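First the structure, in the form of structure tokens, and then the observations on it.
Protein chains: 2
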Amino acid sequence: MKLTILGCYAATPRTLTNPTSQVLEVKNHMFLIDCGEGTQVQLRKHKIKFSRINHIFISHLHGDHFFGLPGLVSTFRLLGREKELNIYGPKGIKEAITMLLKLGDSWTNYPLRFHELSSGESELVYEDDKITVHTIPLDHRIYTNGFLFKEKLGERKLNIEAVRYYEIDKAYYNNIKRGRDIVTEIGEIIPNKALTFDPPKPTSYAFCSDTAYKPEIVPIIKQVDCLYHEATFLESETHLAKKTKHSTAIQAAIIAKEASVNKLILGHYSTRYPSIQLFKEEASQVFDQVELADDGKSFEFI
Amino acid sequence: MKLTILGCYAATPRTLTNPTSQVLEVKNHMFLIDCGEGTQVQLRKHKIKFSRINHIFISHLHGDHFFGLPGLVSTFRLLGREKELNIYGPKGIKEAITMLLKLGDSWTNYPLRFHELSSGESELVYEDDKITVHTIPLDHRIYTNGFLFKEKLGERKLNIEAVRYYEIDKAYYNNIKRGRDIVTEIGEIIPNKALTFDPPKPTSYAFCSDTAYKPEIVPIIKQVDCLYHEATFLESETHLAKKTKHSTAIQAAIIAKEASVNKLILGHYSTRYPSIQLFKEEASQVFDQVELADDGKSFEFI
Numbered sequence: 002m003k004l005t006i007l008g009c010y011a012a013t014p015r016t017l018t019n020p021t022s023q024v025l026e027v028k029n030h031m032f033l034i035d036c037g038e039g040t041q042v043q044l045r046k047h048k049i050k051f052s053r054i055n056h057i058f059i060s061h062l063h064g065d066h067f068f069g070l071p072g073l074v075s076t077f078r079l080l081g082r083e084k085e086l087n088i089y090g091p092k093g094i095k096e097a098i099t100m101l102l103k104l105g106d107s108w109t110n111y112p113l114r115f116h117e118l119s120s121g122e123s124e125l126v127y128e129d130d131k132i133t134v135h136t137i138p139l140d141h142r143i144y145t146n147g148f149l150f151k152e153k154l155g156e157r158k159l160n161i162e163a164v165r166y167y168e169i170d171k172a173y174y175n176n177i178k179r180g181r182d183i184v185t186e187i188g189e190i191i192p193n194k195a196l197t198f199d200p201p202k203p204t205s206y207a208f209c210s211d212t213a214y215k216p217e218i219v220p221i222i223k224q225v226d227c228l229y230h231e232a233t234f235l236e237s238e239t240h241l242a243k244k245t246k247h248s249t250a251i252q253a254a255i256i257a258k259e260a261s262v263n264k265l266i267l268g269h270y271s272t273r274y275p276s277i278q279l280f281k282e283e284a285s286q287v288f289d290q291v292e293l294a295d296d297g298k299s300f301e302f303i
Numbered sequence: 002m003k004l005t006i007l008g009c010y011a012a013t014p015r016t017l018t019n020p021t022s023q024v025l026e027v028k029n030h031m032f033l034i035d036c037g038e039g040t041q042v043q044l045r046k047h048k049i050k051f052s053r054i055n056h057i058f059i060s061h062l063h064g065d066h067f068f069g070l071p072g073l074v075s076t077f078r079l080l081g082r083e084k085e086l087n088i089y090g091p092k093g094i095k096e097a098i099t100m101l102l103k104l105g106d107s108w109t110n111y112p113l114r115f116h117e118l119s120s121g122e123s124e125l126v127y128e129d130d131k132i133t134v135h136t137i138p139l140d141h142r143i144y145t146n147g148f149l150f151k152e153k154l155g156e157r158k159l160n161i162e163a164v165r166y167y168e169i170d171k172a173y174y175n176n177i178k179r180g181r182d183i184v185t186e187i188g189e190i191i192p193n194k195a196l197t198f199d200p201p202k203p204t205s206y207a208f209c210s211d212t213a214y215k216p217e218i219v220p221i222i223k224q225v226d227c228l229y230h231e232a233t234f235l236e237s238e239t240h241l242a243k244k245t246k247h248s249t250a251i252q253a254a255i256i257a258k259e260a261s262v263n264k265l266i267l268g269h270y271s272t273r274y275p276s277i278q279l280f281k282e283e284a285s286q287v288f289d290q291v292e293l294a295d296d297g298k299s300f301e302f303i
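Heads up: the protein sequence lines correspond to chains S and H, in order. Residues are numbered in this note's numbering as their position in the first sequence, beginning at 1, plus a constant of 1. Residues are numbered in this note's numbering as their position in the second sequence, beginning at 1, plus a constant of 1.
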């Protein structure tokens with residue numbers, strides 16, 4: 002998986018900082034997560050092909066997480082898109098986008114499918130043969146979901162030397178990769194483990210923004226390879242975090258520690274602080290593997 | 002008057018070009034005209050104080066002219082604005098903006114007044130003691146208005162030497178500035194013209210975008226000091242201009258010539274051309290005083 006941060010600052014777009022948006026590249030998908038104002042310019046800047054985006058996940062309907070969506074949907078039309086576009090987001094998102102398009106008398110010439118969310122429980126919102134995406138119900142001022150992207154466990158890997166040694170016909174290879182044992186002509190059973198290696202460990206990524214400190218999400222994101230968790234405030238503004246239903250860097254780190262995640266990426270910084278390094282310093286008191294998101298930065302995890 | 006171009010390119014925001022938005026500074030006002038995506042970042046970049054913007058004029062409801070408005074309205078709230086904000090634009094704009102704010106449960110904490118337009122005739126939409134703003138009905142794919150900003154004729158200027166020569170009491174100065182003649186104690190009439198100079202010539206600016214070639218606007222914009230007229234296409238794409246209800250550079254120049262304006266500024270360029278200089282070259286065949294808008298460029302006219 003490769004994560005590219007297009008924007009990771011709270012509140013309003015500024016000259017050098019962008020509101021929330023990121024792209025997750027996984028198994029030939031380019032999932033767009035949130036779409037603050039200016040996202041389409043950020044996509045161009047980072048040379049991400051618009052045509053590769055077929056699924057957009059919106060956490061909640063605050064402007065800094067979706068005011069770039071109407072423009073992106075319109076630009077897809079101008080670029081002559083024909084492929085279906087899927088948008089997953091809170092109930093109300095369909096009416097908002099369709100209304101804006103209708104006002105401009107400019108409906109899309111490609112299929113636009115909305116998947117409106119309203120459940121308070123984690124639910125499966127996307128699945129194909131290699132990937133699942135579940136919601137992570139968060140606790141913010143309005144209805145908000147994070148998203149959990151998980152690779153499925155792949156097929157077992159063929160041990161070429163072993164299958165040659167046992168002189169197994171190629172016709173059986175697919176069955177072996179699916180975990181089957183082999184019975185030879187003389188009735189001998191060769192266990193699958195002797196013919197294969199374990200499949201690569203599936204990778205997982207959890208996006209959690211915006212949210213107050215919510216330990217109830219820990220079981221959902223348990224042991225993910227990477228957790229992006231918002232950290233709008235530092236410890237000195239804990240009262241503001243509580244009031245606005247955001248998290249502090251330390252609260253994000255506690256969630257990461259409790260969930261035993263591999264890596265924590267912080268983001269959604271309030272612009273009141275002189276340096277985002279302060280977020281890392283505070284979170285590192287609780288959890289070791291802390292990284293800082295920043296606009297344009299990429300992370301790879303396997 | 003000082004005009005600052007925040008964005009003047011057609012269709013979609015790109016890394017180096019912005020959709021339509023401009024600021025007209027006149028008599029202590031900062032009028033914002035159109036508000037494409039990214040306008041708030043452009044305002045910051047050009048160090049225009051958000052608090053000075055009290056009136057926003059929206060030509061039409063295509064995304065490249067108003068998708069920056071929801072974000073700007075939200076940012077005003079985050080900045081703690083208290084002053085009233087007035088938005089002038091096509092019917093439907095109120096529902097669109099209020100719906101987006103309601104979805105985010107984030108109504109403004111300052112008065113937000115919408116002035117919805119639906120007339121096909123030029124009408125007065127704003128007036129104070131120094132300025133009027135009228136609509137200029139345009140011909141585009143959806144309901145669209147340009148805007149005509151006109152200074153009012155000011156008071157006459159006192160000829161200090163003359164009033165001293167006639168020993169006129171200061172109590173009469175205001176009446177003299179308003180054009181009154183003076184009758185001296187011995188009944189002699191001193192005509193106003195002997196005591197005053199003509200007031201400074203009022204300045205006027207017409208913004209016309211987006212529109213097909215529409216000669217019917219000529220009487221409305223007659224002899225303005227500056228006309229911004231869209232020129233999306235060059236002559237070679239006249240068929241596209243007709244089909245999409247846009248103008249060519251030459252059509253913009255014909256309007257400028259027929260209206261005897263002082264200066265023509267071209268903008269709303271399609272990004273298909275290698276250089277915007279081509280627009281100036283074509284328009285200059287018809288009209289002498291042609292200038293090219295570009296993002297970040299300012300024009301002063303008196």
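For glycine and all other residues, C-beta sits at the position ideal for the given N, C-alpha and C. This one's a predicted model, so the numbers in the text were calculated from it and none came from an experiment.
Asked	Found
Which partner residues does Thr99/H have in the DSSP bridge list?	For Thr99/H, which the question treats as bridged, DSSP gives no partner whatsoever.
For a cutoff of 8 Å on Cβ pairs, would you count Arg15/H as touching chain S?	yes
Taking only beta-carbon atoms, is Pro71/S less than 8 Å away from chain H?	yes
Can you check whether the C-beta of Thr249/S is within less than 8 Å of a C-beta belonging to chain H?	no
So, Ala232/S versus Tyr270/S, is the Cβ gap smaller than 8 Å?	yes
Could you tell me how far apart the beta carbons of Val74/S and Thr40/S are, in whole angstroms, since I believe they sit closer than 8 Å?	At roughly 11 Å, the Cβ-Cβ gap does not stay under 8 Å, so Val74/S and Thr40/S are not in contact.
Could you give the residue range of the beta strand (DSSP E) that holds Gly105/S?	Counting along the chain, Gly105/S falls outside any beta strand (DSSP E), and DSSP gives it neither H nor E.
Using a Cβ-Cβ distance cut-off of 8 Å, determine whether Thr245/H contacts chain S.	no
Return the residues of the region 55 to 66 of chain H that lie within a Cβ-Cβ distance of less than 7 Å from chain S, sorted by chain order.	Leu62, His63 and Gly64
Step through the CB atoms of chain H and report whether any lies within less than 8 Å of the CB of Ser22/S.	no
Determine, for Leu125/S, whether the minimum Cβ-Cβ distance to residues of chain H falls below 8 Å.	no
Under the three-state reduction of DSSP, which class applies to Leu279/S: helix, strand or coil?	helix
Which of the residues in the region 72 to 100 of chain H, read from start to end, lie with their CB under 7 Å from any CB of chain S?	Gly72, Ser75, Thr76, Leu79, Gly93, Ala97 and Met100
Taking only beta carbons into account, state which residues of the region 261 to 276 of chain H come closer than 8 Å to chain S, listed in chain order.	none
Would Tyr294/H and Ile49/H qualify as a contact pair, given that the criterion is a beta-carbon distance under 8 Å?	The question names Tyr, but residue 294/H in the sequence shown is Ala. Not in contact: Ala294/H and Ile49/H (Cβ atoms no closer than 8 Å).
In the DSSP assignment, what residue or residues form a beta bridge with Pro220/S?	DSSP output for Pro220/S lists no bridge partner at all.
Please classify Arg114/H as buried or exposed, where buried requires at least 16 other C-beta atoms within 10 Å of its C-beta.	exposed
Hey, Tyr144/H and His61/H are a contact pair by Cβ (cut 8 Å); roughly how many whole angstroms apart?	6 Å
I want to verify the contact list: residues of chain S whose CB lies under 9 Å from the CB of Phe68/H, in sequence order.	Glu38, Phe68, Gly69, Pro71, Gly72, Ser75 and Leu101
Using a beta-carbon distance below 8 Å, is Lys1/H in contact with chain S?	Nothing about residue 1/H can be read from this structure; chain H reaches only from 2 to 303.
Pick out whichever of Arg157/S, Arg53/S, Thr197/S and Phe150/S has its Cα sitting closest to the Cα of Arg165/S.	Thr197/S
So for His66/H, helix, strand or coil by DSSP?	helix
Compute the beta-carbon to beta-carbon distance between Asp296/S and Gly8/S, rounded to the nearest angstrom, for a pair I have assumed lies under 8 Å.	6 Å
Would you say Asp35/S faces chain H, with C-beta separation under 8 Å as the test?	no
Which residues in chain H sit within 7 Å of His104/S, going by Cβ to Cβ distance?	Sequence inspection shows Leu at residue 104/S; the His mentioned does not correspond to that position. Simply Leu62, Gly93 and Ala97.
Give the range of the alpha helix (DSSP H) segment to which Thr204/H is assigned.	First-last for Thr204/H: undefined, no H or E at that position.
Decide if Leu125/H is buried, meaning its Cβ has at least 16 other Cβ atoms within 10 Å, or exposed.	exposed
Using only the alpha-carbon positions, how far apart do Ser24/H and Gln252/S sit?	First, the amino acid is wrong: residue 24/H is Val here, not Ser. Going by the C-alpha atoms only, they are around 43 Å apart.
Which of the three DSSP states is assigned to Leu125/S in this structure?	strand
Can a CB atom of chain S be found closer than 8 Å to the CB of Arg165/H?	no
How would you label Asp129/S, buried or exposed, when you count the other beta carbons within 10 angstroms and need 16 or more for buried?	exposed
Assuming Ser119/H contacts Pro138/H under a Cβ cut-off of 8 Å, what Cβ separation, rounded to an integer in Å, is found between them?	Contact doesn't hold; Cβ gap of about 11 Å is too wide.
Name the residues in the region 128 to 150 of chain S whose C-beta lies less than 9 Å from a C-beta of chain H; which are they?	Arg142 and Ile143
According to the neighbour-count rule (16 or more other Cβ atoms, all chains shown, within 10 Å of its Cβ), is Arg273/H buried or exposed?	exposed
Just to make sure I have the definition right: I need the residues of chain H whose C-beta is within less than 8 Å of the C-beta of Arg45/S. Which are they?	Arg15 and Thr16
Got a sec? Which residues, its chain only, sit under 6 Å from Ile54/H by beta carbon, not counting five neighbours each side?	Met31 and Leu33
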